[in-house]
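Undergrad: Each residue of the sequence shown is one higher than the one before, counting from 1 in the UniProt record's numbering.
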Amino acid sequence: MKALRRFIVRPQLPDQLAPLGGLIRNLRWSWHSPSQDLFTDIDPELWQRLEGDPVKLLGAVSKDRLEQLAADPAFLERMHALDADLQAYLTAPRWYQQQTQLAGAQGAGELPAGIAYFSMEFGITEVLPNYSGGLGILAGDHLKSASDLGLPLVGVGLLYRFGYFWQSLSADGWQTEHYPAHDPQGLPLELVRAADGSELTVSVPMPGGREMTARIWRADVGRVPLLLLDTDIEANDDELRHTTDKLYGGDQNHRIKQELLLGIGGVRAVQAFNELNGRAPAEVFHMNEGHAGFLGLTRMRELHAERGLSWGEALAAVRAGTVFTTHTPVPAGIDRFPTDLVRHYFDPDEQGNSRLLPGLPVADMLALGAEDDPDRFNMAHMGFRTAQRANGVAKLHGAVSREMFADLYPGFDTAEVPIGSVTNGVHLPTWAAREMYQVAGDMSGWQDLASADEWPYADRVDNERIWTLRNTLRSRLVQMARRVVKKSWLQRGATEVELGWTDTVLDPEILTIGFARRVSTYKRLTLMLRDPERLKRILLDPERPVQMVIAGKAHPADDGGKRFMQEMVRFADDPEIRHRILFLPDYDMGMASVLCAGADVWLNNPIRPQEASGTSGMKAALNGVLNLSISDGWWDELYDGRDGWTIPTSGVADENRRDDLEAAALYDLVESRVVPLFYDRQDGRPDGWLDMIRHTLSYLGPRVQATRMVRDYVQGYYGPAARAVHAFGPDLAGTKEFAAWQHAVRAAWPQVRVMHVDTSGVGQDPSLGNVMTVRAYLDLAGLTEKDVLVQVVTGTVDGNEELSDTALVDMTYVGNGDGHRFQADVPLERSGPIGYTVRVVPANPHLASVAEMGLVTTASADAQPR
Ligand SMILES: *Cc1c(COP(=O)(O)O)cnc(C)c1O
Numbered sequence: 001m002k003a004l005r006r007f008i009v010r011p012q013l014p015d016q017l018a019p020l021g022g023l024i025r026n027l028r029w030s031w032h033s034p035s036q037d038l039f040t041d042i043d044p045e046l047w048q049r050l051e052g053d054p055v056k057l058l059g060a061v062s063k064d065r066l067e068q069l070a071a072d073p074a075f076l077e078r079m080h081a082l083d084a085d086l087q088a089y090l091t092a093p094r095w096y097q098q099q100t101q102l103a104g105a106q107g108a109g110e111l112p113a114g115i116a117y118f119s120m121e122f123g124i125t126e127v128l129p130n131y132s133g134g135l136g137i138l139a140g141d142h143l144k145s146a147s148d149l150g151l152p153l154v155g156v157g158l159l160y161r162f163g164y165f166w167q168s169l170s171a172d173g174w175q176t177e178h179y180p181a182h183d184p185q186g187l188p189l190e191l192v193r194a195a196d197g198s199e200l201t202v203s204v205p206m207p208g209g210r211e212m213t214a215r216i217w218r219a220d221v222g223r224v225p226l227l228l229l230d231t232d233i234e235a236n237d238d239e240l241r242h243t244t245d246k247l248y249g250g251d252q253n254h255r256i257k258q259e260l261l262l263g264i265g266g267v268r269a270v271q272a273f274n275e276l277n278g279r280a281p282a283e284v285f286h287m288n289e290g291h292a293g294f295l296g297l298t299r300m301r302e303l304h305a306e307r308g309l310s311w312g313e314a315l316a317a318v319r320a321g322t323v324f325t326t327h328t329p330v331p332a333g334i335d336r337f338p339t340d341l342v343r344h345y346f347d348p349d350e351q352g353n354s355r356l357l358p359g360l361p362v363a364d365m366l367a368l369g370a371e372d373d374p375d376r377f378n379m380a381h382m383g384f385r386t387a388q389r390a391n392g393v394a395k396l397h398g399a400v401s402r403e404m405f406a407d408l409y410p411g412f413d414t415a416e417v418p419i420g421s422v423t424n425g426v427h428l429p430t431w432a433a434r435e436m437y438q439v440a441g442d443m444s445g446w447q448d449l450a451s452a453d454e455w456p457y458a459d460r461v462d463n464e465r466i467w468t469l470r471n472t473l474r475s476r477l478v479q480m481a482r483r484v485v486k487k488s489w490l491q492r493g494a495t496e497v498e499l500g501w502t503d504t505v506l507d508p509e510i511l512t513i514g515f516a517r518r519v520s521t522y523k524r525l526t527l528m529l530r531d532p533e534r535l536k537r538i539l540l541d542p543e544r545p546v547q548m549v550i551a552g553k554a555h556p557a558d559d560g561g562k563r564f565m566q567e568m569v570r571f572a573d574d575p576e577i578r579h580r581i582l583f584l585p586d587y588d589m590g591m592a593s594v595l596c597a598g599a600d601v602w603l604n605n606p607i608r609p610q611e612a613s614g615t616s617g618m619k620a621a622l623n624g625v626l627n628l629s630i631s632d633g634w635w636d637e638l639y640d641g642r643d644g645w646t647i648p649t650s651g652v653a654d655e656n657r658r659d660d661l662e663a664a665a666l667y668d669l670v671e672s673r674v675v676p677l678f679y680d681r682q683d684g685r686p687d688g689w690l691d692m693i694r695h696t697l698s699y700l701g702p703r704v705q706a707t708r709m710v711r712d713y714v715q716g717y718y719g720p721a722a723r724a725v726h727a728f729g730p731d732l733a734g735t736k737e738f739a740a741w742q743h744a745v746r747a748a749w750p751q752v753r754v755m756h757v758d759t760s761g762v763g764q765d766p767s768l769g770n771v772m773t774v775r776a777y778l779d780l781a782g783l784t785e786k787d788v789l790v791q792v793v794t795g796t797v798d799g800n801e802e803l804s805d806t807a808l809v810d811m812t813y814v815g816n817g818d819g820h821r822f823q824a825d826v827p828l829e830r831s832g833p834i835g836y837t838v839r840v841v842p843a844n845p846h847l848a849s850v851a852e853m854g855l856v857t858t859a860s861a862d863a864q865p866r
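#1: To which residues of the same chain is ALA432 closer than 7 Å at the C-beta, ignoring the five residues directly before and after it?
#2: Along the chain, where does the alpha helix (DSSP H) containing THR91 start, and where does it finish?
#3: Does DSSP put SER804 in a helix, in a strand, or in coil?
#4: Measuring only the C-alpha atoms, how far is GLU283 from ALA116?
#5: By a C-beta neighbour count over all protein chains shown, 10 Å radius and 16 as the cutoff for buried, is HIS32 buried or exposed?
#6: Would you tell me roughly how many angstroms separate the C-alpha atoms of ARG657 and MET565, rounded to the nearest one?
#7: With a cut-off of 8 Å, do at least 3 Cβ pairs link the stretch 143-162 to the stretch 219-232?
#8: Note down, in chain order, each residue of its chain lying with its Cβ closer than 7 Å to the Cβ of HIS695, except the 5 sequence neighbours on either side.
#9: Per DSSP, what kind of secondary structure is GLU177 in: helix, strand or coil?
#10: May I have the straight-line CA-CA distance separating VAL348 from GLN97, to the nearest angstrom?
#11: Who pairs with TYR836 in a beta bridge, going by DSSP?
#12: Less than 8 Å between the C-beta atoms of LEU595 and VAL549, yes or no?
#13: Between GLY59 and LEU13, what straight-line distance do the alpha-carbon atoms span, to the nearest angstrom?
#14: Assuming PRO168 and ALA139 make a contact with CB atoms under 8 Å, what is their CB distance in whole Å?
#15: Grab the span of the alpha helix (DSSP H) containing ASP659 for me, first residue to last.
#16: Are the Cβ atoms of ILE264 and THR298 separated by less than 8 Å?
#17: Just to confirm my understanding: we take VAL771, look at its own chain, exclude 5 residues before and 5 after, and list those with CB closer than 6 Å. What are they?
#18: Within this structure, are the beta carbons of VAL788 and GLN99 separated by less than 8 Å?
#19: Suppose the cutoff is 6 Å on Cβ atoms and the five residues either side in sequence are ignored; what does the same chain contact list for LEU778 look like?
#20: Which residue's Cα is closest to the Cα of ASP558: ASP15, ASP72, GLU177, PRO112?
#21: Whole angstroms are fine: how far does the CA of TYR437 sit from the CA of GLU611?
#22: So is the beta-carbon of ARG524 under 7 Å away from any non-hydrogen atom of ligand 1?
#23: Curious, which full-length alpha helix (DSSP H) runs of at least 4 residues does the stretch 526-563 contain?
#24: Can you name, in chain order, every residue of its own chain whose Cβ lies under 6 Å from the Cβ of GLN491, other than the five neighbours on each side?
#25: Just to confirm the assignment, what range does the beta strand (DSSP E) spanning PHE384 have?
#26: Who pairs with PHE337 in a beta bridge, going by DSSP?
#27: Along the alpha helix (DSSP H) that carries PRO19, what are the first and last residues, could you check?
#28: How about THR326: is its Cβ closer than 7 Å to a heavy atom in ligand 1?
#29: Can you give, in chain order, each stretch of the beta strand (DSSP E) that sits fully within the stretch 442-489 and has at least 3 residues?
#30: Which residue's Cα is closest to the Cα of TRP217: ARG524, ARG210, THR244?
#31: If you reduce the DSSP assignment to three classes, tell me which class ASN253 lands in.
#32: Per the contact definition of three or more C-beta pairs closer than 8 Å, is the stretch 325-333 in contact with the stretch 388-406?
#33: Count the other C-beta atoms from every protein chain shown that fall within 10 angstroms of the C-beta of SER672, then say buried if there are 16 or more, exposed otherwise.
#34: Between ILE137 and ligand 1, is there a pair consisting of the residue's CB and a ligand heavy atom that are separated by less than 7 Å?
#35: Which ranges would you report for the alpha helix (DSSP H) in the stretch 299-368 if only whole runs of at least 4 residues count?
#36: Taking 7 Å as the cut-off, does the CB of GLY614 come closer than this to any heavy atom belonging to ligand 1?
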């Protein structure tokens, strides 16, 4: 008989065990092995069966057992010690508090008192399945690292009733999706309540007078609260109730409602939450990808309604405090909506003002998301236009993004497009196996691992210790893989008696290559199958065999991806090789932590430069796994010749040929470099291999950590953003003057002109080391010399007088005469054909980049020497 309804009765803990509740409620346990050990000891068999979920464990453990523990002095002592440790973690000053003091002492300007971090998905632990892949896990690692460093940060996202799907395989290897419902009562979450105890809710007006209302769940990620909005409540009609049903499920109309809720509802939620809890208001808003882009609009509306700022003033204020991180180097990956759909939700009244965000002109809003196609509203473009600071997620991705979005800054060189980069990272305590965490500690000299820039003591860990550990981690992977493969074959319709062979798939002694990530075309899951016979020979080599473990989910609507998966599964089904190559269904964080730690080599072969960063190779590196990767994403900047191998990129345009060449390069590397090094043994140990591991750990360890990433954000983005907000003064009064200035500059700009340019100091025969004096005479069209920056641009010239490889020298104002006169001394530092010109850009202390306003005037050919 099926139940009509279900509910979860939360267990009543005996008083003596009260601190256990707190240890479970705070997700710090998910990266804190002593806490996990305590939970294990509550009931080891149950802990295993419930796959390490402490909320479920407490719900399932018998009352007798709890009473027994309540009377067990050793257990109670451990519990109290862990509780004290957690309280210290939650309250003691950390890196951020030191930085705040330092910044104060050096007059370097303040850091933000509050930061809000918005993301469509968050992967904190597999027991809170609210993520689909890398983007969400990055967001989770960001929160954990912000917690470790002590940042005053609050995460904001949505709670999906059905999360992302669970994956299984059909008999013929096709992906099937299941969406089990997650009851929030059974998740490590608590409802946020208002002061009077009622559920705190936020609402977003919908066209036709409807309201989309959400309650707010809170997860505690160490010191960082994560707020998750949930529309599955009575107050909503059926359609709106389903807004938060699935992550990345549904059509554009469904998606825009989710994004409106995240951006607009999210701002309201974080503000109410901060106020209720006496926390400082958020000064900096960070959008992890463009999905939360509407947050800028709702903040503009508030500044308009509450402080009387105009559209331009509000935009300036919002831009100053907003940071936008873009994650995709491919135009097709960008989130775009039909313009009409956006107009429908912003719902203009007779005056053209939005009913959703009263007082704001819909035409101006739409302009923020404008792109080439007038029928499309581009969330990334809105991100750049509403955030003064923006970045890609690896150096190469920063460069690719500057190119991709160069059209937003016409007249500027690609290098000047104001998009920087912060290379992603991963959270060490989450992703390093606990034994490896000890190794990291020894290599760093037990400094604070969250803030150590170097791990200088690679020699304190010897090869024997690493080798033993690597063997342990590989065995763990083999055990896990055997379990998963058997379960998968049972789901595919096999019976227990046919599956004896699954107990011996993989070999704990063999070189193991791991490959796991979302199945998207550019990641080329099946590149290794280009020459199936060659791969078979590699796998089945009688002396020096190789085994491969593969996993990943394809987006439910991506049939192309599912076909790749099927091809892989069918290849791995072959009885001749099925003990050497496995596809494991239902890749999640739990599986990733075993896989990324247990492989010897982590393979990554995307189409360069389409992998923005990639993070699983970083998880692997922290466990002493060597990367074998195309030079893309993070690997492009952190491969140093000794921490793994780079698969050469072919550079050919024809896709088939490219894949053939790159696959051949991959096989070559495996056969000629990877396999020989792994099987070259001294006293049974591959010392050459182990030396590479020790180098990898000490070199990459500090660099791939998410705490390094978050420190980079604080120094390069959050700090400058807070100072930009503060620079507008109390009540943002400075925005009035700044917006008026911008208006005047825009109005005057078409008339700004470089009238004459002349030089002296170099004769007929300029030679290296000469100094050229450049003078320019400008018509500033009513602007003053303080409103502009005038620069000499020098560079190499080609036959068409086109400048490349340019350098800039700022000119100084030397007075008025025939126009505004500027001058600079330019040393000739290069030989060969050199050219120069003069350009003018707007200048104001509130601008973060010269390209920001998209205004530049360059001397034209008629600006002749006089
Ligand atoms: C780390 C991780 C990813 C991201 O892997 P990439 O290498 O960045 O593609 C995806 N899914 C899971 C479950 C992960 O743990």
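C-beta: ideal position from N, C-alpha, C; glycine also.
TA: Put simply:
#1: ALA440, LEU622, ASN623
#2: 73-91
#3: strand
#4: 8 Å
#5: buried
#6: 21 Å
#7: yes
#8: ALA458, ARG642, ASP643
#9: strand
#10: The amino acid occupying residue 348 in the given sequence is Pro; Val does not appear at that position. One C-alpha to the other measures close to 46 Å.
#11: THR794
#12: yes
#13: 10 Å
#14: What sits at residue 168 in the sequence shown is Ser, not Pro. Not a contact, Cβ separation roughly 26 Å.
#15: 655-669
#16: yes
#17: GLY761, ASP825, PRO827
#18: no
#19: VAL754, GLY819, HIS820
#20: GLU177
#21: 28 Å
#22: no
#23: 532-540
#24: SER168
#25: That residue, PHE384, is in no beta strand (DSSP E); its alpha helix (DSSP H) goes 379-386.
#26: PHE377
#27: 18-25
#28: no
#29: none
#30: THR244
#31: helix
#32: yes
#33: exposed
#34: yes
#35: 311-320, 339-346, 362-368
#36: yes
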